[in-house]
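Colleague:
Number of protein chains: 2
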Amino acid sequence: MKKESNITIHDIAKALNISGSTVSRALNDNSRISEKTKKAVRDMAKQLGYQPNALASNLRTSCTKTIGVIIPRISRFFFSSAITGIEELARTRGYSVIICQSNDQESREVDCTKTLFASRVDGVISSIAINTVNFDHYKTFTSRNIPLVFFDRVCDELETSQVVVDDFKGGFLAAEHLISKGCKRIAHLGGPQHLNIYINRLQGYLKALRKHDFEIEEDLIIESLLTREDGKEGAKRLLDSPNRPDAIFAANDISALSIILYAKEIGLRIPEDLAVVGFSNEPFSEFVSPSITTIEQSGFDVGTKATELLLDIITNKTGNHQETIVLPVKLIERESSNR
Amino acid sequence: MKKESNITIHDIAKALNISGSTVSRALNDNSRISEKTKKAVRDMAKQLGYQPNALASNLRTSCTKTIGVIIPRISRFFFSSAITGIEELARTRGYSVIICQSNDQESREVDCTKTLFASRVDGVISSIAINTVNFDHYKTFTSRNIPLVFFDRVCDELETSQVVVDDFKGGFLAAEHLISKGCKRIAHLGGPQHLNIYINRLQGYLKALRKHDFEIEEDLIIESLLTREDGKEGAKRLLDSPNRPDAIFAANDISALSIILYAKEIGLRIPEDLAVVGFSNEPFSEFVSPSITTIEQSGFDVGTKATELLLDIITNKTGNHQETIVLPVKLIERESSNR
DNA sequence: CTGTTAGCGCCTTCAT
DNA sequence: ATGAAGGCGCTAACAG
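Those protein sequences? They're chains A and B, same order as listed. The first sequence runs 1 to 339 under full-length UniProt numbering. The second sequence runs 1 to 339 under full-length UniProt numbering.
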């Protein structure tokens, strides 16, 4: 279906009896155009209701002022707030944003790269799907020198810049907090161990345990997928056991939620019977507040930082440097009772 | 900055000693091209790593296969799930989606319409900002015959199709549920009364009260903005009062959350001391589960339905019919205790 | 079935 | 300080 005929720069040109090129330059604030002409052009543009056709301009300049984003799912708060951060900064720098969801599936992620490439985005920000093991599809960008920045769930195989939060420290703080509360047997309900973030959270936890000479009990460390069902499975395995732990560090909000709900289901009080620290984001913590302590990460900050990095690469074009930015985490204590 | 030179259909044409148009047609699966040629073209395309340039195609056809979405904020679950619904359907129909956030500000919403128009979207789906009172910016689309569909927060002033949930019924069910539980004085913490959704929720509530011959107490009906702070204000006004209500219907999740948190703060038990029904979305209900009963609406369904409507208009082009679709709500009971 | 031609709206040399 | 001309990559007539 066709659009109605629109006002083009030539209509403005005709109305003013000047050439199209002059209009184009005037609109782009080219220095070689007199102020008077510029003003005349701008006025006429407004009068005619001219709206630039980005398509034509992009085709010509092969630069779309658009950045593409690939994320697992927009409905997870961490990612939607990352997008808010991305959009906000991008907009102030004159860029718009195209979002693609991989739904945490590698095949969809491949589609995303195709879509974004077809849209000729100037750069890409991505957080990989949970089951992505092959990264060839990202070569669509790297091989063509289209800047690429990963955030949160990153890919070390590709030599790109990345923005992550300090997951290791988060895991460390979580475990040490529980230790300081007097907990004796601290479990870990973690995430898939091929993802950098869950590796680091687990390692941080282990470091804290070792530092305080805690015994590391293999069966208190559970790897769970990021689904409600699997989370409940994990919670059961930990809490139904006859000698269950007195504390749990949950590596993501789904795990934390699963723990909380199942604990409630079997009548355990938090934190009296079971102390919980979750790795989480703002709204979650507010909802479960004041029941558990959380390690907070800001999706917004991560998004902003990633965009800053990407736009630097796009505009400076100083060759894809391979920079890694680590953002801090914060422990937010909400449990009132000391144990 | 320029992109590297890319493979075009002409490269394929040259390699195969055929014309560019033939390649174009083969790639678009035109019926007038022989299977043999098609296959040859596809093979060569793959071999050369050809990636279509959507920009050029769009410019030519003046049809971008893109729909624009304007929403208040992506980080609210209702909207992010709506987007998931929109994207999913759009993708299967070959469309991609551009998202713009108004941040619940009219001025930003105006910017969004400009951005989307410049991208030459084929249609627009929008949910209006909380303070939008003037709708002229939408004429960018209507005047140019670009299909426009509103969802959830709709604008009756413009003659467009719209998709809403049954807010009236939701309000009615909420109040009637509380009545059936034996509550005697049911308050309403509602939203801005210039938005259709909050008007309808309030009206539904009033209808239920009248039906059961309840006295309508003006000071139990509070209009609140959709912020955490204002929600707490409202909660205070209702709960600090010496003769406080024994039940509250909260018109959105922020209100519900405010009530729950403040009730907890002053030591009220839910639902024993205070019954609460919230108008809400999935994750919220899961988090606060099992403490309150909720009226559930599915952002995903709303998004899907709006997209269906929009794509119909785009493809049929049967003139912008003005259809209104009302999706059902469900009451999900979670309180265990009868009062 | 396939090739030729023209042009979508804009920007950018090159000329004046 | 401005015009003229060409082309970005693709597709839609119109011819065969």
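C-beta: ideal position from N, C-alpha, C; glycine also.
Cβ of residue 323 (chain B) within 8 Å of Cβ of residue 309 (chain B)?
Modeller: Residue mapping note: residue 323 (chain B) aligns to position 323 of the second sequence, counting from 1. Residue mapping note: residue 309 (chain B) aligns to position 309 of the second sequence, counting from 1. Contact: yes.
Colleague: Which ranges does the beta strand (DSSP E) cover as unbroken runs of at least 3 residues, wholly within the region 94-131 of chain B, from first to last along the chain?
Modeller: Here the runs fully enclosed are 96-101, 123-126.
Colleague: From residue 271 (chain A) to residue 233 (chain B), what distance separates their C-alpha atoms?
Modeller: The residue you call residue 271 (chain A) lines up with position 271 of the first sequence. The residue you call residue 233 (chain B) lines up with position 233 of the second sequence. Their Cα atoms are separated by approximately 29 Å.
Colleague: Can you list, in chain order, the residues of its chain with a C-beta nearer than 6 Å to that of residue 112 (chain B)? Leave out the 5 residues immediately preceding and following it.
Modeller: Numbered from 1 along the second sequence, position 112 holds the residue referred to as residue 112 (chain B). 70, 100, 102.
Colleague: Run through DSSP, which three-state label would residue 321 (chain B) get?
Modeller: If you number the second sequence from 1, residue 321 (chain B) lands on position 321. Residue 321 (chain B) falls in the coil class under three-state DSSP.
Colleague: Among A:210, A:207, A:235, A:264, which one has its Cα closest to the Cα of residue 220 (chain A)?
Modeller: For this step, residue 220 (chain A) is matched to residue 220 along the first sequence. Of the listed residues, the one whose Cα sits closest to residue 220 (chain A) is A:235.
Colleague: Helix, strand or coil for residue 236 (chain A), going by three-state DSSP, please let me know.
Modeller: As a position in the first sequence, residue 236 (chain A) is number 236, starting the count at 1. Looking at residue 236 (chain A) - three-state DSSP - the assignment turns out to be helix.
Colleague: Tell me, which residues are paired with residue 151 (chain A) by DSSP?
Modeller: What you label residue 151 (chain A) is simply residue 151 of the first sequence in a count that begins at 1. Its beta-bridge partners are A:163.
Colleague: What distance in whole Å lies between the Cβ atoms of residue 68 (chain A) and residue 154 (chain A), which are believed to be in contact at a cut-off of 8 Å?
Modeller: Here residue 154 (chain A) is taken as the residue at index 154 of the first sequence, counted from 1. Here residue 68 (chain A) is taken as the residue at index 68 of the first sequence, counted from 1. In fact, because the Cβ distance is near 17 Å, the residues do not count as touching under 8 Å.
Colleague: Taking the C-alpha atoms as reference points, what is the distance between residue 65 (chain B) and residue 231 (chain B)?
Modeller: Position 65 of the second sequence holds residue 65 (chain B). Position 231 of the second sequence holds residue 231 (chain B). The alpha-carbon atoms of residue 65 (chain B) and residue 231 (chain B) are separated by roughly 41 Å.
Colleague: Taking the continuous beta strand (DSSP E) assigned at residue 141 (chain B), which residues delimit it?
Modeller: Position 141 of the second sequence, counted from the first residue, corresponds to residue 141 (chain B). Segment 139-142 is the alpha helix (DSSP H) holding residue 141 (chain B); no beta strand (DSSP E) there.
Colleague: Who are the near neighbours of residue 94 (chain A) in its chain, counting only those whose CB is closer than 8 Å to its CB and skipping five residues on each side?
Modeller: By 1-based counting over the first sequence, the position of residue 94 (chain A) is 94. Same-chain partners within the cutoff: 65.
Colleague: Assign residue 176 (chain B) to buried or exposed, taking buried as 16 or more other Cβ atoms, counted over all protein chains shown, within 10 Å of its Cβ.
Modeller: Residue mapping note: residue 176 (chain B) aligns to position 176 of the second sequence, counting from 1. Flag for residue 176 (chain B) reads buried.
Colleague: Who does residue 187 (chain A) pair with in a DSSP beta bridge?
Modeller: The residue you call residue 187 (chain A) lines up with position 187 of the first sequence. Answer is A:248.
Colleague: Look up residue 307 (chain A) in the DSSP assignment and say whether it is helix, strand or coil.
Modeller: Position 307 of the first sequence, counted from the first residue, corresponds to residue 307 (chain A). DSSP places residue 307 (chain A) in helix when its eight states are reduced to three.
Colleague: Would you call the region 212-228 of chain A in contact with the region 236-250 of chain A, where contact means no fewer than 3 C-beta pairs closer than 8 Å?
Modeller: Short answer: they touch.
Colleague: With three or more beta-carbon pairs closer than 8 Å as the criterion, would you say the region 255-271 of chain B touches the region 194-211 of chain B?
Modeller: No contact exists between the region 255-271 of chain B and the region 194-211 of chain B.
Colleague: Alpha carbon to alpha carbon, how far is residue 149 (chain B) from residue 245 (chain A)?
Modeller: The sequence position of residue 149 (chain B) within the second sequence is 149, counting from 1. The sequence position of residue 245 (chain A) within the first sequence is 245, counting from 1. Spanning the two alpha carbons is a distance of roughly 53 Å.
Colleague: In chain order, what residues of the same chain have a beta carbon less than 6 Å from the beta carbon of residue 108 (chain A), not counting five sequence neighbours either side?
Modeller: Translated into the one-based positions of the first sequence, residue 108 (chain A) becomes position 108. Result list for residue 108 (chain A): 102, in chain order.
Colleague: Determine whether the Cβ of residue 161 (chain A) lies closer than 8 Å to any Cβ atom of chain B.
Modeller: Position 161 of the first sequence holds residue 161 (chain A). Answer no: the Cβ-Cβ gap between residue 161 (chain A) and chain B never drops below 8 Å.
Colleague: Just tell me which of B:128, B:90, B:147 has its CA closest to the CA of residue 156 (chain B).
Modeller: For the purposes of this step, residue 156 (chain B) is taken as the residue at position 156 of the second sequence. Comparing Cα-Cα distances from residue 156 (chain B) to each of B:128, B:90, B:147, the minimum goes to B:128.
Colleague: Mark residue 21 (chain B) as exposed unless 16 or more other C-beta atoms lie within 10 angstroms of its C-beta, in which case mark it buried.
Modeller: Position 21 of the second sequence, counting from 1, holds the residue named residue 21 (chain B). It is exposed - the Cβ of residue 21 (chain B) has fewer than 16 other Cβ atoms within 10 Å.
Colleague: Can residue 190 (chain B) and residue 178 (chain B) be called in contact, C-beta distance under 8 Å?
Modeller: Counted from its first residue, the second sequence places residue 190 (chain B) at position 190. Counted from its first residue, the second sequence places residue 178 (chain B) at position 178. It is not a contact, given that the beta carbons lie outside the stated cut-off.
Colleague: Using a Cβ-Cβ cutoff of less than 8 Å, which residues in the same chain neighbour residue 304 (chain B) once the five nearest sequence positions on both sides are dropped?
Modeller: Locating residue 304 (chain B) in the second sequence gives position 304, where the first residue counts as 1. So the qualifying residues of the chain are 85, 86, 88, 89.
Colleague: If you drop the 5 nearest sequence neighbours on each side, which residues of the same chain put their C-beta closer than 8 Å to that of residue 248 (chain A)?
Modeller: Residue mapping note: residue 248 (chain A) aligns to position 248 of the first sequence, counting from 1. Closer than 8 Å at the Cβ level, and outside the excluded window around residue 248 (chain A), lie 186, 187, 188, 189, 238, 259, 274, 275, 276, 277.
Colleague: Between the region 88-121 of chain A and chain B, which residues of the former have a C-beta closer than 7 Å to a C-beta of the latter?
Modeller: Answer set for the region 88-121 of chain A: 96, 98, 99, 101, 115, 117, 118, 119, 120.
Colleague: What residues are listed by DSSP as bridge partners for residue 278 (chain B)?
Modeller: If you number the second sequence from 1, residue 278 (chain B) lands on position 278. In the DSSP output, where bridge partners are listed per residue, residue 278 (chain B) has B:250, B:294.
Colleague: Sort B:253, B:306, B:226, B:267 by Cα distance to residue 131 (chain B) and report the nearest one.
Modeller: Within the second sequence, residue 131 (chain B) is the residue found at index 131, counting from 1. Closest by alpha carbon: B:226.
Colleague: From the DSSP output, in three-state form, read off residue 182 (chain A) for me.
Modeller: Within the first sequence, numbered from 1, the residue matching residue 182 (chain A) stands at position 182. Three-state DSSP puts residue 182 (chain A) in coil, outside helix and strand.
Colleague: Of the residues that make up the region 47-58 of chain B, which ones have a beta carbon closer than 8 Å to any beta carbon in chain A?
Modeller: Result list: 51, 52, 53, 54, 55, 56, 58.
Colleague: Would you mind sorting residue 167 (chain A) into buried or exposed? The rule is 16 or more other CB atoms within 10 Å of its CB.
Modeller: Walking along the first sequence from the start, residue 167 (chain A) turns up at place 167. So residue 167 (chain A) counts as buried.
Colleague: Cβ of residue 214 (chain B) less than 8 Å from any chain A Cβ?
Modeller: Along the second sequence, read from residue 1 onward, the residue named residue 214 (chain B) stands at position 214. Judged by the 8 Å Cβ criterion, residue 214 (chain B) is not in contact with chain A.
Colleague: Can you grab the Cα-Cα spacing for the pair residue 105 (chain B) / residue 73 (chain A), in whole Å?
Modeller: One-based indexing of the second sequence puts residue 105 (chain B) at position 105. One-based indexing of the first sequence puts residue 73 (chain A) at position 73. Each residue's Cα considered, the two are about 25 Å apart.
Colleague: Give me the chain A residues within the contact set of residue 74 (chain B), using Cβ-Cβ distance strictly less than 9 Å, ordered along the chain.
Modeller: If you number the second sequence from 1, residue 74 (chain B) lands on position 74. Under the 9 Å cutoff, chain A gives 74, 80, 81, 83, 84, 87, 99.
Colleague: Name the one or two DSSP bridge partners that residue 327 (chain A) has.
Modeller: In the first sequence, the residue the question calls residue 327 (chain A) occupies position 327. In the DSSP output, where bridge partners are listed per residue, residue 327 (chain A) has A:165.
Colleague: Let's test the definition: count the other Cβ atoms within 10 Å of the Cβ of residue 47 (chain A) and tell me whether it reaches 16, buried, or not, exposed.
Modeller: Sequence index remark: in the first sequence, residue 47 (chain A) carries index 47 (1-based). By the neighbour-count rule (16 or more Cβ atoms within 10 Å), residue 47 (chain A) is not buried but exposed.
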